[in-house]
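**Q** I am attaching a structure below and will ask some questions about it afterwards.
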Amino acid sequence: MPAPDVSVVVIVHNDAERLPRAVRSVLGQSLRRLDVVVVDDCSADGSYGVARTLAAADPRVRCLRLPVNSGGCGAPRNAGLDAARSPYVMFLDSDDELPYHACKSLLLAAEESGADFVTGEVTRLFEETGTAGLWYPELFTDARLVEGIHSAPEYFLDHLSTNKIYRADFLARHDLRFPEHLHYEDQLFSARAFTLARAFAVVPWPVYTWHLAGDPAAGPSISSSRHKIQNVRDRITVAGLIDAFLEESGNAGLRPAKDAKFLRHDLRLYLGDLPFRDRRWTEEFAATVTPYLSGIAPEAFATVPREQQLCQYLLRTGRLAEAAECARTLDRPLIAPRHTVRDAAGRTYWGRTLPEDEQAAAALDISDWRLDEQPFATGPLRHEVVRLEPSGTRLRISLRTYDPARVLGGPAPVTAELRIATTAEPLVVPFRYAPARGGDGPDAQIRTAEAELDLGLVPVGAKGFRGRRHPLVALERLGLTRSDPLLAPGDLPPLRARVGRHSVRAACEGHGVGRLELAWERAGALARAESLAPGLSPVRRRIHRLTRRVTGPRAKALTYHELQKLPIDDGLIVFEALEGRGYADSPRYIHEELQRRRLPLRAVWSYSGSRSSYPEGTELIRRGSWEYVRTVARARYWIDSHGFPVLFTKRPGTRYLQTWHGQALKHMGFDTPELRLAGPERQRLHREMVARWDALICPSEEFERTFVRANAYDGELLRTGLPRNDALVRWNDPAQRDRATATRERLQIPDGRKVLLYAPTFRDGVRGSGESIRVDLAELVREVGEEWTVVIRPHYYERFTVPRELGHTLRDGREFADLNDLMLASDALLTDYSSVMFDYANLGRPILFYADDYERYRSVSRGTYYDLTDIAPGPLFTTTRDLGAALRDPVELQERWAGAYARFQARFNPCETGRSSKAVVDLFFEGSAR
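Numbering (UniProt numbering), first residue to last: 1 to 930.
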């Protein structure tokens, strides 16, 4: 055998079932020259026999067995390290896997960089739900070489040993070993490695798949055994060992960064569990943790959110019940405290009573949250179950809502509902709050209500439904909606109800914020069979696969093909905007023009989420449903702004109008790296998708040069301008002015405030990460928060939450399906590389750009058709301070950029006359009818 390049140490204890999967993930690597060392920690379930079988089948596998169980991961990893015979070493747990290119990509990065070790991203796979998430993605955004941990101390958060490749001589030179007879040995090992490394490299792709089992039969892992006080003690012990190492090695200056990691990660995990622990456990936990917290570097406390600072103070001062109450706010900042109190000077504090001394006042002061200025959509509320009363299939819920921001007050009425998601439409139960108590004391912040759920109305199917649902409290005012979790007491006794042949259990979910959870369980013969045969899991999986086969995309594609044999419905139009996300974009304005003309056509809109944006009386179908398949198959016209699902071929008699959703600054179609580097099959699918278009709306010659060419489209072009821009061109019409006024009222914009619309685009490769929100929002609020209200409208691929302490100035604009509402109501636009710049120019109002990652975006990431500095109708900023300075005098800004603005408008919007909707209908409908 040739000498191996990498040794992978796989440790196992009583995990015979999953061990082969882990080892196969190594043997199947794209790097073939590997040494696999399986170390059995004296298992009692046959794991060692499985390891020997694997070794007999492949000469790259060796196995060894410890004589006694060590009780942890340190001893078997050390044994594997001693047995490794390669210049590089990696570690793998028996219940996890390595992605296909993990070993090769890490080895190449190590050889090219010369680093002592290389670390990469971890995919956390939640087996119960099949969902996945990334481990601290902010650490792995770019490939980089870090010259020592002092230059990037945030990497203390990356404390796993398994997502790294190490030079064996680096480990040997520093005698790097795992501590034994102690859990969380990874943390000490990784802290020492980071501190001792001359340099380490970072790669931005997943190199380790961490399986988080949802099956209780698998037994709790070490990381999920937080209910054991010994688990807490081990974490504290390891943290102390790291402190001692930093001190002894002359790296005490790293202590604040390491302490920040402890607060943000280790302590945070336990704080989130407080609402579900009994008094005795909480007392032991406080006694274990509090002495260590007293030695934390003071500057580290400022690195965690205010909610966690409050929780830590309440825990350290023995206010344990309040600490558990506060812990529910850690995951969801919109959850309010139960009580707040105000002193004579107007300062607001957490709790029912005023602080006793200056130290308590400083710790509990939440005046910066400015609760009196919070808007309806994001102001904090706390909905709690007070009592559950079952009666047959009905569940009566007594509800108490804490409202310190007075969100439920005000002149406009609030409608309230309980909602439960079902396999069909949600179950909606309206309810009313009792009148608010008078006065301004703590009790005035509390509202009460009664609601009754009929569980028999939830469709669960003849064989029963196995799953969970969490009722939500949905509130609506002036067209804005919000959905909040309904919290249940941590000690709520579980209730069971019989619903037909099914069993429903109501209880606190026991983690996170502790929502009320309704769990439907199998009943009847299937339940008895499962209880008698736990090994039916494979049978359940086969049933699930069969169900997917019958109801999944392939089945719908076949059904769609058969439905095309039916006659076309000549009067039927299917409208879709934003992939079903709302009544918006150019399809909306084409629809309204058709309504004005009263043409003999029947319009059906597809939706994929909330239906609240669609006008009353609009015929709706859920995107992807069987009704959607039937309607799309028989429609005479398709009109959308993105693309109907690619599995639907267009029949010859159907006419497809593609409106697209804006002009192109960034690369599109075959110019994007995603398609340019894709294989022939992916490119073929894109060509087929574009070939379905019978007509494409074209707003400018630049659009032809970029988007049309990049998508290889050679069909009919409607050179009309975009229908969605009619409202912007005609912004001074009374109807559009009224629309702007209504939007400002819904957003609760204070009188005299200007509105800045911040609408950045997404970043490829990190969708949903929050990376596109580049502006320092806290600094922006400090700079201009008294003059401007900032409405954040991130791309719908992106995630965003308004920070609690900034809610008085920031507004979340995602409740508005049609971006025109926000543009009409704004006084200026802040964007980056979004096509919204082309639309907004029709208003003639200032456009500013925050482009701190511009060079990377245009040269490494997506790429652009223009140099933004050449065409921009407004200034580009890379710091929030400079942006704030420019916003202080928007009139001067507009005058200075008038020439560039006019050139931009003439180049990109020559067809925008305010009558594009009329022109499109004339050409596509009236013209085709002739």
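Every residue gets a Cβ at the ideal spot worked out from N, C-alpha and C, and that includes glycine.
1. Alpha carbon to alpha carbon, how far is PHE644 from ASP454?
2. Please report the straight-line C-alpha distance between VAL473 and ALA239, rounded to a whole angstrom.
3. Within 10 angstroms of the Cβ of ALA252, are there 16 or more other Cβ atoms? Answer buried if so, exposed if not.
4. With contact counted as at least three CB pairs below 8 angstroms, one residue from each stretch, are the segment 138-146 and the segment 187-201 in contact?
5. So what does LYS164 bridge to, in DSSP terms?
6. How long is the line joining the alpha carbons of VAL428 and ILE420, rounded to whole angstroms?
7. Beta carbon of ILE11, beta carbon of PRO76: below 8 angstroms?
8. Start and end of the alpha helix (DSSP H) containing PRO890?
9. Look at PHE117 and ALA193 and say whether their C-beta atoms are less than 8 angstroms apart.
10. Taking 8 angstroms as the cut-off, decide whether the C-beta atoms of PRO430 and GLU417 are in contact.
11. Candidates ILE749, PHE800, ARG52, GLU701: which alpha carbon is nearest GLU787's?
12. Can you list, in chain order, the residues of its chain whose CB lies under 6 angstroms from that of ASP733, leaving out five sequence neighbours each side?
13. Since TRP660 sits in a beta bridge, which residues does DSSP pair it with?
14. Relative to the C-alpha of VAL646, which residue among ARG636, HIS661, VAL629 is closest?
15. Span of the alpha helix (DSSP H) holding CYS326?
16. Note down the Cα distance separating PHE301 from PRO291, rounded to an integer number of angstroms.
17. With a threshold of 8 angstroms, are at least 3 pairs of Cβ atoms found where one atom belongs to the segment 689-699 and the other to the segment 865-875?
18. Count the other CB atoms within 10 Å of the CB of THR654; is the residue buried (16 or more) or exposed (fewer)?
19. So within the segment 125-188, which uninterrupted alpha helix (DSSP H) runs reach at least 4 residues, ignoring any that extend past its ends?
20. Using a Cβ-Cβ cutoff of less than 7 angstroms, which residues in the same chain neighbour SER599 once the five nearest sequence positions on both sides are dropped?
21. Going by beta carbon distance, what residues of the same chain come within less than 8 angstroms of ALA635, once the five residues before and after it are set aside?
22. Contact defined as beta carbons within less than 8 angstroms: I believe GLY514 pairs with ALA488. What is the distance between those atoms, to the nearest angstrom?
23. So the beta strand (DSSP E) THR913 belongs to, where does it begin and stop?
24. Under the three-state reduction of DSSP, which class applies to VAL9: helix, strand or coil?
25. Within the continuous beta strand (DSSP E) that includes THR571, where are the two ends?
26. Cα-Cα, which of PRO87, TYR797, LEU824 is closest to SER834?
27. Taking GLY467 as part of the beta strand (DSSP E), name the residues at either end of that continuous run.
28. By how many angstroms is the C-alpha of GLY512 removed from the C-alpha of LEU92?
29. Cβ of VAL23 within 8 angstroms of Cβ of LEU34?
30. Any beta carbon of chain D sitting closer than 8 angstroms to that of GLU138?
31. Using the DSSP secondary-structure output, state which residues sit across from PRO59 in a beta bridge.
32. For the alpha helix (DSSP H) holding CYS311, just list the boundary residues, first then last.
33. Can you find the residues in the same chain that come closer than 8 angstroms, C-beta to C-beta, to GLU180, ignoring five residues on each side of it along the sequence?
34. Could you give the uninterrupted runs of the alpha helix (DSSP H) lying entirely in the segment 797-843, keeping only those of 4 residues or more?
35. Do you know offhand how far THR288's Cα is from ARG233's?
36. Quick one: grab the DSSP three-state call for LYS104.
**A** On the basis of the data shown:
1. If you draw a straight line from the Cα of PHE644 to the Cα of ASP454, it is about 37 angstroms long.
2. Per the coordinates, the alpha-carbon of VAL473 lies some 41 angstroms from the alpha-carbon of ALA239.
3. Burial is judged here by how many other beta carbons sit within 10 angstroms of a residue's own beta carbon; ALA252 has fewer than 16 and is exposed.
4. The segment 138-146 is in contact with the segment 187-201.
5. Bridge pairing for LYS164: THR119 [DSSP].
6. Taking the straight line joining both Cα atoms gives about 7 angstroms.
7. Contact: yes.
8. PRO890: member of the alpha helix (DSSP H) spanning 890-896, first to last residue.
9. Taking C-beta atoms as the reference points, PHE117 and ALA193 count as a pair closer than 8 angstroms.
10. Contact check for PRO430 against GLU417 passes: the beta carbons are separated by less than 8 angstroms.
11. The shortest Cα separation from GLU787 among ILE749, PHE800, ARG52, GLU701 belongs to ILE749.
12. Nothing listed; no residue qualifies.
13. Answer is none; TRP660 lacks a bridge partner.
14. Cα-wise, what sits closest to VAL646 is VAL629.
15. 320-327 is the extent of the alpha helix (DSSP H) around CYS326.
16. Using only the alpha carbons, I get a separation of about 15 angstroms.
17. Touching, no, given that fewer than three Cβ pairs across the two stretches are closer than 8 angstroms.
18. Buried, by the Cβ-count rule.
19. Here the runs fully enclosed are 168-173.
20. According to the sequence displayed, residue 599 carries Leu and not Ser. If we look at LEU599 and ignore the five residues flanking it on each side, its Cβ neighbours are PHE925.
21. Excluding sequence neighbours, ALA635 sits near ILE568, ASP569, LEU572, ILE573, VAL574, VAL604, THR654.
22. Distance from GLY514 to ALA488 at the Cβ level is roughly 6 angstroms; contact confirmed, criterion being Cβ atoms closer than 8 angstroms.
23. No beta strand (DSSP E) holds THR913; DSSP gives it neither H nor E.
24. Correct three-state label for VAL9: strand.
25. The question names Thr, but residue 571 in the sequence shown is Gly. Here the beta strand (DSSP E) through GLY571 covers 569-576.
26. Taking only the C-alpha atoms, the option nearest SER834 is TYR797.
27. That run of the beta strand (DSSP E) goes 467-469.
28. The alpha-carbon of LEU92 is positioned some 29 angstroms away from that of GLY512.
29. With contacts defined as CB atoms closer than 8 angstroms, VAL23 and LEU34 fail to qualify as a contacting pair.
30. You won't find chain D in this structure, because it holds only one protein chain.
31. The bridge partners DSSP lists for PRO59 come to none.
32. The continuous alpha helix (DSSP H) containing CYS311 extends over residues 306-316.
33. A distance below 8 angstroms between beta-carbons, with the five flanking residues on each side excluded, links GLU180 to the following residues of its chain, in chain order: SER70, GLY72, GLY74, ALA75, ASN78.
34. Counting only runs of 4 or more, we get 819-825, 836-840.
35. Straight-line spacing of the CA atoms in THR288 and ARG233 works out to 7 angstroms.
36. When secondary structure is reduced to three states using DSSP, LYS104 falls in the helix class.
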